[in-house]
Each structure stands twice: as structure tokens, then as C-alpha cells.
Amino acid sequence: MKIIFKIILQYYLKYLTKFILFIYKPTIIAIAGSANKTFVRYEITRILNKNGIKTRTNNKSFNTEIGLPLAVLNLQSGYNSYKKWLSVIVKALFNIFSSNYPRVLVLELGISNPGDMKYLLSIIKPDISIITDITQRYLESFNDMDIMAGEYELLIKKTKLSGLIILNNDNARINKLLIPNLKNIITFGFKDGSDWRITNAVKTEYKQLININFSDHNLKVTKQYILERFGQHHVYSLTIGLIINHYLNENNKAQLLPKKIH
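In C-alpha cells form, the structure reads like this:
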């Protein structure tokens, strides 16, 4: 009974989610990688909302075949309760009539088995895709790293041609990914050659300071940022958020943002 219910629930949420996305057409930002997805997701949402772009992400790390639709629909899981799931099913329908749907959705894509990415990309079509890193985490479910890397190559391939792909230039495995021609790529990292390069990282007792160097309309720009949290993952998260904010606010990228629905 549980298996049958899960299958019915999974496909109900999938097709309702696709219908909602068809109606409201939000800009979709998809985050994938072995780690740091959640920090990146929150930082992107914080920066875009701060800069006046109505953005939403889910409070939970919902990133699976059932979790991803819940994230899009902004609903909680029913976990092991049939009663709670019935409530979720009813609430999901009300998303069709939302008068305050966000212009941007920031979503996680969780990959733990071969074929996971293909299924998740049958639900959403990303405008912007981010790969935070690729490590041996979850490797036990794959025969080798090449098969795992293929999941991320599929994400790159399926990102909208008019969209953006953001890659961690410090990760050796990411640098080996096969990237189709005509894709718009921005790299970030501490490594030389990164499009958005992080330099002069200094830690004090209570904060860390970094410089971020990038080109803006062929002009070289360096900006300093202060982080009140420690760790490379926070530096990466801030950098990714700044890249996306800069990209969406460029005049020639304005078409990526859907019109406000009144």
C-alpha cells in the first residue's frame, strides 16, 4: 500500500508542479553538487531579495523526486503520515490560484543514484544551473566517477540555451566535465583563470575579508567583501549569489525575469 501511495503521490506532485511552472514561468535556479548546496541556496535567495528580486526557496533541503515538487509548491512533507499527505495534496492545488508567486525559484537537485538527474530535469527546466563541487560522496551508488559526472553533464546540457551555467573552477572533477558549445559559462574560485576570482582572503578574530575580481563590460572590477562567518563554503556561496545578482540585473538579461503577475 505504501509503495502504491508513494507512486501516486510522486506523479501527482510532478505533474501539478509542471502545470504551476507553466502558468507562472518563474526563473529557475538549480543547484547541484556533492556539498554546499543549502548554503548556496540561502545566500542566493538572501542577495536577490535584498536587491528587489522576489525570490523563494524552501526552508528544507527538499531535492528528491518528491522533495523537489514540494520545494516548488512551497509545502512541507507529510513524512510517514497519510493524514498529513492528504493535507499536502489538497494544499498543493491552491498553488494554481496564487496571487503572489515569486519571480525566481532557487532549488536543490539531489543526486544519489544513476538516473536521478534525468528524473528531476523532467520536472524543471533550469534557467541558471550551478555545480558547487563533485566529490566521491555517494560514489557507492555509481560504478565510477565518470558515471557520476555524467549526471552533472546532463544538467549542463539541459539548462536553457539562453541561460547561465556557474561552475566551481577550484574543483578538478568539474573542470573535466564535457560542456556543449554555445553554453554561457561563468567560473568562480581562488584559482587563476576564474571568471570571478577570489583573492586576498584574510581572517580576523571575528570575520573574514575577501576580494572578488571580475569583468564588467570589459572593465576589470575588484570589490572587497566582509563575511561574519568563517569557512570557504561561505565565500563560495557569497560569490555565487553575487554572480547571479549581477547577471540578472544586466539590461540584456532582463528577459530572464518573468513579469510580475498581479
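Following my numbering, the numbering of the sequence shown begins with 12 at its first residue and continues without gaps.
Heads up, the beta-carbon is just placed ideally off N, CA and C, and yes, glycines get one too.
For alanine 103, does the three-state DSSP call read helix, strand or coil? helix
Within 8 Å, do at least three Cβ pairs link the segment 160-179 to the segment 111-131? yes
Output the distance between the C-alpha atoms of asparagine 222 and glycine 252, rounded to the nearest integer angstrom. 15 Å
Quick one: grab the DSSP three-state call for alanine 358. In this structure the chain extends from 12 to 273, so residue 358 is not present and cannot be described.
Spatial distance of methionine 18 from lysine 71 (CA atoms): The question names methionine, yet the displayed sequence has isoleucine at residue 18. Cα to Cα, the separation comes out at about 22 Å.
Nearest-angstrom beta carbon gap, lysine 202 and aspartate 181 [assumed within contact, 8 Å]: 5 Å
DSSP has threonine 49 in a bridge; who is on the other side? DSSP lists no partner for threonine 49.
Length-filtered (3 minimum) beta strand (DSSP E) runs lying within the segment 93-179: 115-119, 139-142, 175-179
Which of the three DSSP states is assigned to glutamine 314 in this structure? In the structure as shown, the chain begins at 12 and stops at 273. Residue 314 is therefore absent and cannot be evaluated.
Nearest CA to the CA of valine 117: which residue from Asn224, Leu131, Pro137, Asn111? Pro137
Other residues of its chain near threonine 250: CB distance less than 7 Å, five sequence neighbours each side excluded: Phe199, Trp207, Ile209, Ile223
Residues in its own chain within less than 7 Å of phenylalanine 153 by CB, not counting five upstream and five downstream? Pro125, Met159
Among Glu261, Ile197, Leu24, His228, the one whose alpha carbon lies nearest that of phenylalanine 105: Leu24
What's the gap between the Cα of isoleucine 31 and the Cα of tryptophan 96? 19 Å
Candidates Tyr112, Lys231, Leu175: which alpha carbon is nearest proline 37's? Tyr112
Excluding the 5 residues preceding and the 5 following serine 133 in the sequence, name in chain order all residues of the same chain whose CB lies nearer than 8 Å to its CB. Lys25
Looking at isoleucine 42: is its Cβ nearer than 8 Å to the Cβ of glutamate 119? yes
DSSP state of leucine 259, grouped into three classes? helix
Taking DSSP as the reference, what is the three-state secondary structure of isoleucine 15? helix
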